[in-house]
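Here the sequence shown is numbered in this note's numbering, starting from 11 and rising by one per residue.
For every residue, glycine included, the Cβ atom is placed at its ideal position computed from N, Cα and C.
Nothing here was measured: the structure is a model prediction, and the numbers come from that model.
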Amino acid sequence: MDVIASSEARPFPNGCVASPHHLASSAGLAVLADGGNAVDAVVAANLALGVVAPYLCGYGGDLFAIVWRPGDGAAGGLWAYNGSGRAPAAATRDAVEAAAGSPSLPSDGPLTVTVPGAVDGWFTLLERFGTRSFGELSRRAAAYAEDGFVLSRQGAESIERSKHRFGPSARAWWDVYGDAGKGGTLRQPALARTIHVLADDGPAAYYGGGLGQDIAEALHEAGGLMTAADLADHSGDVVEPMRMRYRDVEVVELPPNTQGPAALQALAITDAFAPAGLPPAGDEREHVLIEATKLALQDRDTFLTDPDHMTVRPDAMLEPSLVADRSALIRMDRARAADPGRPAGGGTAYLCAADRDGMLVSLIQSNYMGFGSGVTVPAWGINLHNRGAYFSLDPRHPNVIAPRKRTLHTLIPGMAFRDGRPWLVFGTMGGDGQAQFHLQLMVRMVDDHEDPQRAIGAPRWLVSPDDWSVLLDERFGGAVQDGLAARGHSVDTAPWNDGRFGHAHAIEVVRHGYRGATEPRTEGAVLGL
Numbered sequence: 011m012d013v014i015a016s017s018e019a020r021p022f023p024n025g026c027v028a029s030p031h032h033l034a035s036s037a038g039l040a041v042l043a044d045g046g047n048a049v050d051a052v053v054a055a056n057l058a059l060g061v062v063a064p065y066l067c068g069y070g071g072d073l074f075a076i077v078w079r080p081g082d083g084a085a086g087g088l089w090a091y092n093g094s095g096r097a098p099a100a101a102t103r104d105a106v107e108a109a110a111g112s113p114s115l116p117s118d119g120p121l122t123v124t125v126p127g128a129v130d131g132w133f134t135l136l137e138r139f140g141t142r143s144f145g146e147l148s149r150r151a152a153a154y155a156e157d158g159f160v161l162s163r164q165g166a167e168s169i170e171r172s173k174h175r176f177g178p179s180a181r182a183w184w185d186v187y188g189d190a191g192k193g194g195t196l197r198q199p200a201l202a203r204t205i206h207v208l209a210d211d212g213p214a215a216y217y218g219g220g221l222g223q224d225i226a227e228a229l230h231e232a233g234g235l236m237t238a239a240d241l242a243d244h245s246g247d248v249v250e251p252m253r254m255r256y257r258d259v260e261v262v263e264l265p266p267n268t269q270g271p272a273a274l275q276a277l278a279i280t281d282a283f284a285p286a287g288l289p290p291a292g293d294e295r296e297h298v299l300i301e302a303t304k305l306a307l308q309d310r311d312t313f314l315t316d317p318d319h320m321t322v323r324p325d326a327m328l329e330p331s332l333v334a335d336r337s338a339l340i341r342m343d344r345a346r347a348a349d350p351g352r353p354a355g356g357g358t359a360y361l362c363a364a365d366r367d368g369m370l371v372s373l374i375q376s377n378y379m380g381f382g383s384g385v386t387v388p389a390w391g392i393n394l395h396n397r398g399a400y401f402s403l404d405p406r407h408p409n410v411i412a413p414r415k416r417t418l419h420t421l422i423p424g425m426a427f428r429d430g431r432p433w434l435v436f437g438t439m440g441g442d443g444q445a446q447f448h449l450q451l452m453v454r455m456v457d458d459h460e461d462p463q464r465a466i467g468a469p470r471w472l473v474s475p476d477d478w479s480v481l482l483d484e485r486f487g488g489a490v491q492d493g494l495a496a497r498g499h500s501v502d503t504a505p506w507n508d509g510r511f512g513h514a515h516a517i518e519v520v521r522h523g524y525r526g527a528t529e530p531r532t533e534g535a536v537l538g539l
């Protein structure tokens, strides 16, 4: 049996937190041990994660969350939050194309920066559910930024990749990270200053104060369109989550502008195509799941964007007639030909927490690609994300850029229920891979009744919307690879720990507490009480 897939989830009777860096998980555990709740813990972990893994997420990115709070009526239930930012008010398609000097958006640089929503999201979560202040929860993050921490191998490798990606023109980024990839301790004193100002002055400093002015100035000097007014106009939204039944569980995802409907549609197509159960593990099963994924991602890119700009209802992809039509397109003997879509990409952090009172948090936060845009705000150490790179400049595309529009987001925190009660919080980084990793995790846990750690550690595949090729974890073996290739799939393999397979974490609610699972492909940990 495969060593990675054979380990089991760890039991925690009184709560736990999982994240892609052990220092961030430790920060969350300290809060739980001190009596804080799951929201306190996940915010503390996220604040630390933005310091110790700035190549995944941070203080210049976006945030989405789903929270379950036990209780009756208005005191309890499901709560969901969209903390993504909008394009600048000046970001017309013509203006962006002229500034880019190209009919397509670059992958980084100032034009790819939308208003970062994470800071507002942290304060919103704490105001609604928290029992601790931002200042208290940020102490470990501030200490890691000011005093430094030992950079991991993955961190050093991420920095080296970003050096090649950004080049020497990203001067403020190089000032912080230029020598960090050589190993040793990474210090980020400017980022520590940001954390202290947020603790003292709250989100107003970021969205309306001097810090926000400096963000806008840095972008302007780099050739961007964002202004301080764009930052001041930001607000996240409490949203109604979307639900869909898969086998005996109800899966919950966020609505557009996220790709949540694509994850749900892939599950719905799978359920409709194989209502009595999937084929046994092997090439036939993976073929069905890959074909369901391709159909869902095609519909995602056809329909989904900012809901204020959509021409169909947000739940249109889940209409039973559409799902039936899509499932009927799957052929067992061959892969379906499809027009190429957009290149895959992403760099994100998923984390989750649970406490002794039954509160559950599923949260995802991102810079999008590694460190993001390559624009680092001088004197503040904030790496601004490049989520706007996901916009299109094609005027016919539903996700074409427009003033104050939210781009289609790959970020999707997940939650699942059994018999009306919370059963699982789960999610993963991985850009376009997130919806397909949600599908694979659900199949392993629901169809195969796998332990969550075994399900996360098992082999995964990734379909690229760019050309619909399949990247296969080499642990699947030659029989699966050959079987998929015989059906017409373009298949390549990669080692099990390739970062393109995502970083997943999960917490399962069990009779006497929780079972926590963390991603063996990263430097994370699940820690609890």
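Practice prompt. Over the uninterrupted alpha helix (DSSP H) stretch that includes Pro-23, give me the two end residues.
Written response: One-based indexing of the sequence shown puts residue 23 at position 13. Note, Pro-23: premise wrong, no alpha helix (DSSP H); not H, not E.
Discussion item. I'd like to know if the region 510-521 and the region 440-451 are in contact, where contact means that at least 3 CB-CB pairs between them fall below 8 angstroms.
Written reply: yes
Practice prompt. Report all residues from its chain with a CB closer than 7 angstroms to the CB of Leu-33; omit the five preceding and five following residues, and keep chain order.
Written response: Within the sequence shown, the letter at position 23 stands for residue 33. Counting only Cβ-Cβ distances below 7 angstroms, and skipping sequence neighbours, we find Ala-58, Val-62, Tyr-154, Phe-159.
Worksheet item: Where does Ile-374 fall in DSSP's three states?
Response: Sequence index remark: in the sequence shown, residue 374 carries index 364 (1-based). Strand, per DSSP.
Practice prompt. Could you tell me if the beta carbon of Ala-75 falls within a distance shorter than 6 angstroms of some heavy atom in the ligand SAH?
Written response: Only the bare structure without any ligand can be found here, which leaves the ligand SAH out of the picture.
Worksheet item: Touching or not, the region 479-494 and the region 417-427, by the rule of three or more beta carbon pairs under 8 angstroms?
Response: no
Item to complete: Return helix, strand or coil for His-522, following the three-state DSSP convention.
Response: Within the sequence shown, the letter at position 512 stands for residue 522. Coil at His-522, not helix or strand.
Worksheet item: Under a Cβ-count criterion, where at least 16 other Cβ atoms within 10 Å of its own Cβ denotes burial, should Asn-507 be classed as buried or exposed?
Response: As a first step, residue 507 is located in the sequence shown; it is residue number 497 there, counting from the start. Exposed, since its Cβ has fewer than 16 Cβ neighbours within 10 Å.
Worksheet item: Taking the alpha-carbon positions, what's the Arg-431 to Gly-93 distance?
Response: Sequence index remark: in the sequence shown, residue 431 carries index 421 (1-based). Sequence index remark: in the sequence shown, residue 93 carries index 83 (1-based). Distance between the alpha carbons of Arg-431 and Gly-93: 26 angstroms.
Fill in: Tyr-65, enclosing beta strand (DSSP E) - first and last residue
In the sequence shown, counting from the first residue as 1, residue 65 sits at position 55. No beta strand (DSSP E) holds Tyr-65; DSSP gives it neither H nor E.
Worksheet item: Which class does Leu-208 belong to by DSSP, given the choice of helix, strand or coil?
Response: In the sequence shown, residue 208 corresponds to position 198, counting from 1. It is helical.
Practice prompt. Please state if the CB of Ser-376 and the CB of Leu-421 are separated by a distance shorter than 7 angstroms.
Written response: Mapped onto the sequence shown, residue 421 falls at position 411. Mapped onto the sequence shown, residue 376 falls at position 366. Yes. Within cutoff.
Practice prompt. With DSSP collapsed to three states, give me the class of Trp-184.
Written response: The count along the sequence shown starts at 1 and reaches residue 184 at position 174. Of the three classes helix, strand and coil, the one that applies to Trp-184 here is helix, per DSSP.
Worksheet item: Does the count of Cβ pairs from the region 297-311 and the region 323-341 closer than 8 angstroms reach three?
Response: yes
Discussion item. Whole angstroms are fine: how far does the CA of Cys-26 sit from the CA of Ala-527?
Written reply: Here residue 527 refers to the residue found at position 517 when the sequence shown is read from its first residue. Here residue 26 refers to the residue found at position 16 when the sequence shown is read from its first residue. Cα to Cα, the separation comes out at about 10 angstroms.
Worksheet item: CB Pro-30 to CB Gly-71, shorter than 7 angstroms?
Response: Translated into the one-based positions of the sequence shown, residue 30 becomes position 20. Translated into the one-based positions of the sequence shown, residue 71 becomes position 61. Against a cut-off of 7 angstroms, the Cβ pair of Gly-71 and Pro-30 comes out as no contact.
Worksheet item: Taking Leu-196 as the reference, which of Gly-60, Gly-119, Glu-263 has the closest Cα?
Response: As a position in the sequence shown, residue 196 is number 186, starting the count at 1. Closest option to Leu-196, Cα to Cα, is Gly-60.
Discussion item. The beta strand (DSSP E) that contains Trp-132, what's its start and end?
Written reply: Along the sequence shown, read from residue 1 onward, the residue named residue 132 stands at position 122. That residue, Trp-132, is in no beta strand (DSSP E); its alpha helix (DSSP H) goes 128-139.
Worksheet item: Which first and last residues belong to the alpha helix (DSSP H) in which Asp-309 is found?
Response: The count along the sequence shown starts at 1 and reaches residue 309 at position 299. First-last of the alpha helix (DSSP H) with Asp-309: 293-313.
Practice prompt. Please look up how many angstroms separate the CB atoms of Val-1 and Leu-264, rounded, as I've assumed it's under 8 angstroms.
Written response: Given that the chain is displayed from residue 11 to residue 539, the structure contains no residue 1 and the question cannot be resolved.
Item to complete: List the endpoints of the continuous beta strand (DSSP E) containing Tyr-91.
Response: Position 81 of the sequence shown holds residue 91. Looking at the DSSP string, the run of the beta strand (DSSP E) that includes Tyr-91 is 87-93.
Fill in: Whole-angstrom distance between Ala-238 and Ile-225, CA atom to CA atom
Here residue 225 refers to the residue found at position 215 when the sequence shown is read from its first residue. Here residue 238 refers to the residue found at position 228 when the sequence shown is read from its first residue. Looking at the two C-alpha atoms, the distance is approximately 8 angstroms.
Worksheet item: Hey, how far is the Cα of Arg-406 from the Cα of Thr-312?
Response: Start at 1 with the first residue of the sequence shown, and residue 406 comes out as number 396. Start at 1 with the first residue of the sequence shown, and residue 312 comes out as number 302. C-alpha separation (whole angstroms): 10 angstroms.
Practice prompt. Could you spell out where the beta strand (DSSP E) holding Pro-432 opens and where it closes?
Written response: In the sequence shown, the residue the question calls residue 432 occupies position 422. Per DSSP, Pro-432 belongs to the beta strand (DSSP E) from 431-438.
Worksheet entry | Rounded Cβ spacing between Pro-423 and Gly-441 (contact assumed at less than 8 angstroms) | Taking the sequence shown and counting its residues from 1, one reaches residue 423 at position 413. Taking the sequence shown and counting its residues from 1, one reaches residue 441 at position 431. That belief does not hold up - the Cβ atoms of Pro-423 and Gly-441 are roughly 15 angstroms apart, past 8 angstroms.
Discussion item. Taking the alpha carbon of Arg-20 as the reference point, which residue from Ser-474, Pro-462, Glu-484 has its own alpha carbon closest?
Written reply: The sequence position of residue 20 within the sequence shown is 10, counting from 1. Taking only the C-alpha atoms, the option nearest Arg-20 is Pro-462.
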